[in-house]
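The sequence shown begins at 1 in full-length UniProt numbering and counts up by one.
Cβ coordinates follow ideal geometry from the N, Cα and C atoms, glycine included.
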Amino acid sequence: MAKSWMDARQDDLEDRYRAVRGLSDALTAPLSDADATVQSMPDASPAKWHLAHTSWFFETFALRDHVAGYKPFDPRFAFLFNSYYEAEGARHARPLRGMLTRPTLAEVRAYRAHVDDAMLRAMGMLPQAARALVTLGLHHEQQHQELLLTDLLHLFSLNPLEPALFGAPAAAPVDLPGPLHWIEGREGLVEIGDDGRTAFAFDCEGPRHRTVLHPHALAHRPITNGEWIEFVEDGGYRTASHWLSDGWSWVQGENIEAPLYWKKGEQGWTRFGLDGRQPVNPAAPVAHISLYEADAYASWAGARLPTEAEWESAALNIPPSGGNQLDGPGCPRLHPAGAGSALGQMFGDVWEWTGSAYRPHPGFRAAQGAVGEYNGKFMSGQFVLKGGSAATPRGHMRASYRNFFYPHQRWQFTGLRLAKDL
Numbered sequence: 001m002a003k004s005w006m007d008a009r010q011d012d013l014e015d016r017y018r019a020v021r022g023l024s025d026a027l028t029a030p031l032s033d034a035d036a037t038v039q040s041m042p043d044a045s046p047a048k049w050h051l052a053h054t055s056w057f058f059e060t061f062a063l064r065d066h067v068a069g070y071k072p073f074d075p076r077f078a079f080l081f082n083s084y085y086e087a088e089g090a091r092h093a094r095p096l097r098g099m100l101t102r103p104t105l106a107e108v109r110a111y112r113a114h115v116d117d118a119m120l121r122a123m124g125m126l127p128q129a130a131r132a133l134v135t136l137g138l139h140h141e142q143q144h145q146e147l148l149l150t151d152l153l154h155l156f157s158l159n160p161l162e163p164a165l166f167g168a169p170a171a172a173p174v175d176l177p178g179p180l181h182w183i184e185g186r187e188g189l190v191e192i193g194d195d196g197r198t199a200f201a202f203d204c205e206g207p208r209h210r211t212v213l214h215p216h217a218l219a220h221r222p223i224t225n226g227e228w229i230e231f232v233e234d235g236g237y238r239t240a241s242h243w244l245s246d247g248w249s250w251v252q253g254e255n256i257e258a259p260l261y262w263k264k265g266e267q268g269w270t271r272f273g274l275d276g277r278q279p280v281n282p283a284a285p286v287a288h289i290s291l292y293e294a295d296a297y298a299s300w301a302g303a304r305l306p307t308e309a310e311w312e313s314a315a316l317n318i319p320p321s322g323g324n325q326l327d328g329p330g331c332p333r334l335h336p337a338g339a340g341s342a343l344g345q346m347f348g349d350v351w352e353w354t355g356s357a358y359r360p361h362p363g364f365r366a367a368q369g370a371v372g373e374y375n376g377k378f379m380s381g382q383f384v385l386k387g388g389s390a391a392t393p394r395g396h397m398r399a400s401y402r403n404f405f406y407p408h409q410r411w412q413f414t415g416l417r418l419a420k421d422l
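This is the structure in C-alpha cells:
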C-alpha cells in the first residue's frame, strides 16, 4: 500500500528546511519590489505572494496547530496568503493578488524570517504528525519555486524591454541529434503509482495499482525545436485536421502560430527566457507548448502522446535525480538532446504531456483535514505531465510524480515525447 506524506521519512529535516527556504530567497534576490508585486495573468501569482504563501503554509499547519504559544506575524496575512484551502476560511481573490502593493517585499521577507525563526526553534520538539507536515511544506515550496520562475518569465515577457533576470547563457551546441529512435515499452499487466518506498510522495501519486499496457513504443527523446519548426513551416498551425476540436478553436481564437515566447524575425526564430531574448536552439527540446499543440504535433507526425502508465512504466528504473534540473539560483536552460539512442531526458528539461486525464488512481483517498484539499479536488478537466523540467528543483522528482494542467496552458516548461502503437 502506498504511503502518504504522513509517513514521510524525517531525516535531517532541519537541514532540508534551511536549504529549501534558502533557495526561494536566493531565486528572488535580484527582484525589485515592483518585480515582485505585479501579476501578469490570473493563472500566475506575484513573486512576493509565492514567498508569503509558502510561509503561511508552515505558519498555519505546523506552527499554529502544533506549537503552543506561537504568535502569528500578522493575523491578517491568513486572508491574504491562503491559496485555495476552503477549510481555512475566506481568502483574497486569486486574480487580484497583483493589487497587493502592501505588504511590501521587505515586509514579506520579514514575515519569512519570523516563520523561519519559529520553525527552527520548534523543529526538534515537533510531534511526528507535525514533522510530516513540514516535509509536505518543503515539497510544496519546491513546487512554488518552479511556479515562481515561470510566473516571472511570463511577467517579463509582457515588458517591451524584454528584461533578462539572469545573465545570457554560454553558447549551446546546435548539432541536431539525429532521427528519433523507438524504444519498445512493457506490455501486459504492470504496476504503477507510489510503492511506499520513496522518501516522500504526494497523496495523488498512490496507491500502487495494476494496469494493462498494450504493445507500444516511446520515442527515445523529446521533440526538439528544430523538429517543431518543421511542423510550423509545414502549416501545422493552419491545418485543422491535426487538431482536436477544442484545440482548433483555441488556435483560431487566440491566433496561435508558434510556442509561447517565440518570434520570427529576419534572422529566424527567437525565444524569450529569463535570460532575455535568444535564438531558438534547434537541438534543444521544444518548450512552452499546450496539450493541444502537443497532440496536434503527434497527429502530424503519425504518432500519439504516451499514456501516463506507459511513461511511468518506462521511467521506473531511471534515476529521477539525473537530467537537467534546477540546482540553485540561476536561469533554467534546456539542454540539447543527446546523440545516443537509449531512452533519454525522461527527467528534467521539459515536462512531458501525456494523453491521460488527471484522475484518481484506483483506491485513492485524500488526506483528512485542510491538507486533503491539496490534490484531489483538482481532478477534473486537466491532463497529467511527467518528468519535471529545467526549473524543477533537483530531488523533487520521481517516476510516480503527477503534474497537471489544463490543455490550453503553456507558460510552464512543457514539451512532448511521442508514442506509437505496435
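Original post:
With DSSP run on the structure shown, which of helix, strand or coil describes L326?
Top reply: Here the question's residue 326 lines up with position 326 in the sequence shown. Strand at L326.
**OP:** Between the Cα of N403 and those of I318, K48, E293 and P360, spot the shortest distance and give me the residue it belongs to.
**Re:** Stepping through the sequence shown from its first residue, residue 403 is reached at position 403. Residue P360 is the option with its Cα nearest to N403.
Subject >> Chain-order list of residues whose beta-carbon lies under 8 angstroms from that of L158 (same chain, five-residue window excluded) >> reply: Residue 158 sits at position 158 when you count from the first residue of the sequence shown. Same-chain partners within the cutoff: S40.
**OP:** Counting only the same chain and skipping the five closest in sequence on each side, list residues whose C-beta sits under 8 angstroms from that of R102.
**Re:** To locate residue 102, count along the sequence shown from 1; it is residue 102. None.
Original post:
Do N82 and W49 have their C-beta atoms within less than 9 angstroms of each other?
Top reply: Here residue 82 is taken as the residue at index 82 of the sequence shown, counted from 1. Here residue 49 is taken as the residue at index 49 of the sequence shown, counted from 1. No, these two residues do not count as a Cβ contact at 9 angstroms.
Original post:
Roughly how many angstroms lie between the CA atoms of G235 and S241, to the nearest whole one?
Top reply: On the sequence shown, position 235 is the one that residue 235 refers to. On the sequence shown, position 241 is the one that residue 241 refers to. Computed Cα separation, rounded: 11 angstroms.
Original post:
From the DSSP output, which residues share a beta bridge with V190?
Top reply: To locate residue 190, count along the sequence shown from 1; it is residue 190. In the DSSP output, where bridge partners are listed per residue, V190 has T211.
Original post:
Once you ignore the five residues that flank E162 on each side, which residues in its own chain have a CB closer than 8 angstroms to its CB?
Top reply: As a first step, residue 162 is located in the sequence shown; it is residue number 162 there, counting from the start. Closer than 8 angstroms at the Cβ level, and outside the excluded window around E162, lie F156, F272, G276 and R277.
Original post:
Between E257 and the rest of its own chain, which residues show a CB-CB distance below 8 angstroms, the 5 nearest in sequence each way excluded?
Top reply: Mapped onto the sequence shown, residue 257 falls at position 257. The residues are V232 and Y237.
Subject >> Contacting residues, own chain, Cβ-Cβ under 7 angstroms from H92 (five flanking each side not counted) >> reply: Counted from its first residue, the sequence shown places residue 92 at position 92. Excluding positions up to five away in sequence, the list reads F79 and L80.
Original post:
From E59, D25 and H66, pick the residue whose C-alpha is nearest to that of R106; which is it?
Top reply: Along the sequence shown, one-based indexing puts residue 106 at 106. The question names Arg, but residue 106 is Ala in the sequence shown. For A106, the nearest C-alpha among the options comes from D25.
**OP:** Could you tell me whether the Cβ atoms of S380 and Q325 are closer together than 9 angstroms?
**Re:** Numbered from 1 along the sequence shown, position 380 holds the residue referred to as residue 380. Numbered from 1 along the sequence shown, position 325 holds the residue referred to as residue 325. Not in contact: S380 and Q325 (Cβ atoms no closer than 9 angstroms).
**OP:** Would you kindly report the start and end of the unbroken alpha helix (DSSP H) that includes L385?
**Re:** Start at 1 with the first residue of the sequence shown, and residue 385 comes out as number 385. Unbroken run through L385 is the beta strand (DSSP E), F383 to K386; no alpha helix (DSSP H).
Original post:
What span of residues does the beta strand (DSSP E) with W351 cover, start to end?
Top reply: For the purposes of this step, residue 351 is identified with residue 351 of the sequence shown, where counting begins at 1. Run containing W351: W351 to A357, per the beta strand (DSSP E) assignment.
Original post:
Run through DSSP, which three-state label would R9 get?
Top reply: In the sequence shown, the residue the question calls residue 9 occupies position 9. Per-residue confidence for R9 stands at a pLDDT of 44, beneath the threshold of 50, marking its modelled position as unreliable; the derived number appears in the next sentence. Coil at R9, not helix or strand.
Subject >> Neighbour-count burial assignment, K386, 16 or more Cβ in a 10 Å radius >> reply: Position 386 of the sequence shown, counted from the start, is the residue given in the question as residue 386. With 16 or more Cβ atoms within 10 Å of its Cβ, K386 is classed as buried.
**OP:** Measure how close the beta-carbons of F77 and V371 come, nearest whole angstrom, since I'm counting them as under 8 angstroms.
**Re:** The residue you call residue 77 lines up with position 77 of the sequence shown. The residue you call residue 371 lines up with position 371 of the sequence shown. 19 angstroms between Cβ atoms; not a contact.
Subject >> Inter-stretch contact at 8 angstroms, needing at least 3 Cβ pairs: the segment 251 to 266 / the segment 305 to 314 >> reply: no
Original post:
Alpha carbon to alpha carbon, how far is D7 from A199?
Top reply: Stepping through the sequence shown from its first residue, residue 7 is reached at position 7. Stepping through the sequence shown from its first residue, residue 199 is reached at position 199. With a pLDDT of 40 at D7, under the threshold of 50, the predicted position of this residue should be treated as unreliable, though the coordinate-derived value follows. The straight-line gap from Cα to Cα measures roughly 9 angstroms.
Subject >> Beta-carbon separation (whole angstroms), D327 vs R398, contact threshold 8 angstroms >> reply: Here residue 327 is taken as the residue at index 327 of the sequence shown, counted from 1. Here residue 398 is taken as the residue at index 398 of the sequence shown, counted from 1. Actually they do not touch by this definition, with Cβ atoms about 17 angstroms apart.
Original post:
R410 and S290 look like a contact to me (Cβ under 8 angstroms); what is the Cβ gap, rounded to whole Å?
Top reply: Reading the sequence shown from its first residue, position 410 is the one you call residue 410. Reading the sequence shown from its first residue, position 290 is the one you call residue 290. So it is a contact: roughly 4 angstroms between Cβ atoms.
Subject >> Alpha-carbon spacing of L148 relative to T28, whole angstroms >> reply: Here residue 148 corresponds to residue number 148 of the sequence shown, with the count starting at 1. Here residue 28 corresponds to residue number 28 of the sequence shown, with the count starting at 1. Taking the straight line joining both Cα atoms gives about 9 angstroms.
Original post:
How should A194 be labelled, buried or exposed, when 16 other C-beta atoms within 10 angstroms of its C-beta is the threshold for buried?
Top reply: The sequence position of residue 194 within the sequence shown is 194, counting from 1. Note on identity: in this sequence residue 194 is Asp, with Ala being the wrong assignment. Its Cβ being crowded by 16 or more others within 10 Å, D194 is buried.
Original post:
If you draw a straight line from the C-alpha of H335 to the C-alpha of L176, how long is it?
Top reply: For the purposes of this step, residue 335 is identified with residue 335 of the sequence shown, where counting begins at 1. For the purposes of this step, residue 176 is identified with residue 176 of the sequence shown, where counting begins at 1. In a straight line, the C-alpha of H335 is about 12 angstroms away from that of L176.
Subject >> Bounding residues of the beta strand (DSSP E) (the contiguous stretch that carries W269) >> reply: For the purposes of this step, residue 269 is identified with residue 269 of the sequence shown, where counting begins at 1. It spans G268 to G273 - the beta strand (DSSP E) in which W269 sits, taken as one unbroken run.
Original post:
Can the beta-carbon of residue 423 be found less than 9 angstroms from the beta-carbon of A296?
Top reply: Residue 423 lies beyond the stretch modelled for the chain, which goes from 1 to 422, so this question has no answer here.
Subject >> Which listed residue (A122, T239, S32 and A366) has its alpha carbon closest to that of Y70 >> reply: Here residue 70 refers to the residue found at position 70 when the sequence shown is read from its first residue. Cα-wise, what sits closest to Y70 is A122.
Original post:
What is the DSSP secondary structure of A2, reduced to helix, strand or coil?
Top reply: Here residue 2 refers to the residue found at position 2 of the sequence shown. Unreliable positioning characterises A2 in this predicted model, as indicated by a pLDDT of 35, which lies under 50. The coordinate reading is nonetheless provided below. Correct three-state label for A2: coil.
Original post:
With F73 and Y111 assumed to form a contact (beta carbons below 8 angstroms), what rounded beta-carbon distance in angstroms separates them?
Top reply: Residue mapping note: residue 73 aligns to position 73 of the sequence shown, counting from 1. Residue mapping note: residue 111 aligns to position 111 of the sequence shown, counting from 1. About 5 angstroms; that satisfies the 8 angstroms criterion.
**OP:** Kindly indicate which three-state DSSP category T224 falls into: helix, strand or coil?
**Re:** As a first step, residue 224 is located in the sequence shown; it is residue number 224 there, counting from the start. Here T224 sits in strand by DSSP.
**OP:** Please state whether DSSP places F405 in a helix, a strand or coil.
**Re:** For the purposes of this step, residue 405 is taken as residue 405 along the sequence shown, with counting starting at 1. F405: strand per DSSP, three-state reduction.
Original post:
Excluding five sequence neighbours on each side, which residues of the same chain lie with their C-beta closer than 7 angstroms to the C-beta of H408?
Top reply: On the sequence shown, position 408 is the one that residue 408 refers to. Correct list, in chain order: W250, S290 and Y292.
Subject >> Boundaries of the alpha helix (DSSP H) in which R131 is found, first to last residue >> reply: In the sequence shown, residue 131 corresponds to position 131, counting from 1. Q128 to S157 is the span of the alpha helix (DSSP H), which, as asked, contains R131.
Original post:
Between the beta-carbon of E308 and the beta-carbon of V384, is there less than 9 angstroms?
Top reply: Taking the sequence shown and counting its residues from 1, the one referred to as residue 308 is at position 308. Taking the sequence shown and counting its residues from 1, the one referred to as residue 384 is at position 384. Yes, the pair counts as a contact, with Cβ atoms nearer than the cut-off.
Original post:
Who are the Cβ neighbours of P95 in its own chain at under 7 angstroms, not counting the five residues just before and after it?
Top reply: For the purposes of this step, residue 95 is identified with residue 95 of the sequence shown, where counting begins at 1. Within the same chain, P95 has close Cβ partners P42.
Subject >> Bounding residues of the alpha helix (DSSP H) (the contiguous stretch that carries K264) >> reply: Stepping through the sequence shown from its first residue, residue 264 is reached at position 264. Careful: K264 lies outside any alpha helix (DSSP H), inside the beta strand (DSSP E) at W262 to G265.
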